[in-house]
Each structure stands twice: as structure tokens, then as C-alpha cells.
Amino acid sequence: MDLVIISFALSIIFASYEFVGILKARIVNRTKNTGRVIIKFVVFVLLILLFWQYTSWNAYILTVEPLLIKDIKLSNTPYLICTFVMTLILVFTFVEAYGLFHARRKGLTKNISRFVSAAVILLCLIPILIKTMGMWDTYTEKLERGYDNYYEKNK
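Per the working numbering, the sequence shown starts with residue 9, numbered consecutively.
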């Protein structure tokens with residue numbers, strides 16, 4: 009099984025676990041921090057969106073062949089969406105970790121599982137990011153071969 013798929017599975021499981029846990033705590037008034045509920049929900053939704061876009065981008069890369077330049081449909085939108093969503097996930101996860109760090113320093117919480125979950129999600133994004141960048145390289149190589157074929161035939 010691919011490391012990227014395992015990374016997606018782990019990060020989605022951890023994000024859903026954290027979201028459900030914080031939502032339950034908010035419903036029974038164990039916490040009053042609605043911002044954490046929103047952040048956890050947004051990270052969970054963004055991970056699902058990232059997985060969908062990643063699979064879409066991967067399928068597109070596999071179908072692009074170095075054809076004549078006039079036949080190539082240029083589309084880097086899935087790549088841009090993947091990169092943007094990964095950036096948002098990183099920002100929201102760092103915001104959560106920063107909030108946890110300050111809450112622990114003030115003695116407001118002893119809960120370390122939130123920090124562990126944030127760290128796991130961040131670590132899971134590393135292979136996803138590496139693979140996405142690799143797909144971009146493959147995409148540009150195929151486009152360059154298409155340009156080369158076009159110019160060789162039209163000399």
C-alpha cells in the first residue's frame with residue numbers, strides 16, 4: 009500500500025477523532041472554546057478535500073501524454089488546490105498547537121492528546137507534500153516532451 013494513502017488515512021482518522029471529541033466536550037459544556045471546534049471541523053473537511061483533489065490530480069497526471077502541443081490541455085488547478093489546501097491545514101494545525109502550548113503554560117489543560125494529534129497530522133502531510141511535488145515534476149516533464157515533439161515536427 010502506498011505511503012501517501014496511509015498518510016491520508018491516518019490524518020483523516022486523527023482529524024475526525026479530534027473533531028468528534030471536541031464537539032462532544034463542547035456539547036456537554038466541558039469546554040467553552042468554539043474556535044477549537046471550528047478549527048477541528050475545518051481541518052477535517054480540508055483533509056477530505058485534499059484527498060479528493062490529490063486523487064484527481066494523480067489521475068490527470070497519469071493520463072497526460074507527451075502529445076503534440078496543440079492537443080495538450082493545460083490544467084494545473086488540482087495541483088494549485090492541493091498546495092493551497094495543504095497550506096491551510098498547516099496554518100490551522102499550527103494555530104491549534106500554538107493555542108495548546110499557551111493553555112498548557114497557563115495551566116488550563118493537561119491534555120497532551122491534542123498536541124499528539126496535531127503532530128501526527130503534520131507528519132502525515134510530509135509524504136503527501138513530497139508526492140504532490142513529485143507529480144508536478146512529472147507533469148512538467150510530460151509537457152516539455154510535448155513541446156519538444158511539436159517543435160521537432162514543425163522545423
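Even glycine gets a Cβ: it sits at the ideal position worked out from N, Cα and C.
Query                                                                                                                                                    : Result
Is Asn66 helix, strand or coil by DSSP?                                                                                                                  : helix
Would you say the segment 58 to 71 touches the segment 118 to 127, given that touching needs at least three Cβ pairs under 8 Å?                          : no
For Ser19, count the other beta carbons within 10 Å of its own beta carbon; 16 or more makes it buried, fewer makes it exposed. Which is it?             : buried
Should the segment 91 to 98 be regarded as contacting the segment 128 to 147, the criterion being three or more beta carbon pairs within less than 8 Å?  : yes
Comparing C-alpha positions only, which one of Phe52, Thr91, Glu149, Val51 sits nearest to Ile136?                                                       : Thr91
Grab the span of the alpha helix (DSSP H) containing Arg38 for me, first residue to last.                                                                : Arg38 -> no alpha helix (DSSP H), and no H or E assigned at all.
Kindly indicate which three-state DSSP category Phe16 falls into: helix, strand or coil?                                                                 : helix
Quick check on Glu104: buried or exposed, where buried means 16 or more other Cβ atoms within 10 Å of its Cβ?                                            : buried
For a test of the three-state rule: what should DSSP assign to Asp145, helix, strand or coil?                                                            : helix
Go through the segment 78 to 134 residue by residue and report every complete run of the alpha helix (DSSP H) that reaches 4 residues or more, in order. : 85 to 114
Alpha carbons only, please: which of Val36, Val28, Tyr25, Leu70 is nearest the one belonging to Gly142?                                                  : Leu70
Could you check the C-alpha separation between Glu152 and Ala17 for me, to the nearest Å?                                                                : 34 Å
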